[in-house]
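This report refers to the structure that appears directly beneath it.
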Amino acid sequence: MLDRIGLAATLVAPKREVVMPEPILWTVIAIVAMVGYFALIVVALSQVFRSTMPANTKLLWLIVILIAPFIGSLIWFAVGRNSALL
Numbered sequence: 001m002l003d004r005i006g007l008a009a010t011l012v013a014p015k016r017e018v019v020m021p022e023p024i025l026w027t028v029i030a031i032v033a034m035v036g037y038f039a040l041i042v043v044a045l046s047q048v049f050r051s052t053m054p055a056n057t058k059l060l061w062l063i064v065i066l067i068a069p070f071i072g073s074l075i076w077f078a079v080g081r082n083s084a085l086l
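The sequence shown runs 1 to 86 under full-length UniProt numbering.
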């Protein structure tokens, strides 16, 4: 009797559609975040190298970006890049 009730419950229960399993979704998000992180650093470093700043200022920016890559790159895009254009 219990088997018939359990079987009936599984047949009546609605099926859930899973568009993308959760582990795969988090893996995709992590990969996109890592690619963005490294792209931010590489672009910031390449812009520092190509800037027309004096060598000692470039060295200071390179040290800042290498010591604190994420924050240093964000500071470069917010402040340093504009001062390099002057």
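C-beta: ideal position from N, C-alpha, C; glycine also.
This structure is a prediction, so every number in the text was calculated from the model and none was measured.
Note on Ser46: under 16 other CB atoms within 10 angstroms of its CB, so exposed under the neighbour-count rule.
About 23 Å separates the beta carbon of Phe77 from that of Ala30, a gap too long to meet the 8 Å contact definition. Our two residues, Ser73 and Ile65, have alpha carbons roughly 6 Å apart in a direct line. Its chain contains Trp61 as the residues whose beta carbon lies nearer than 7 Å to that of Gly80, once the 5 sequence neighbours on both sides are disregarded; these appear in chain order. The C-beta of Val35 has fewer than 16 other C-beta atoms within 10 Å across all chains shown, which makes the residue exposed.
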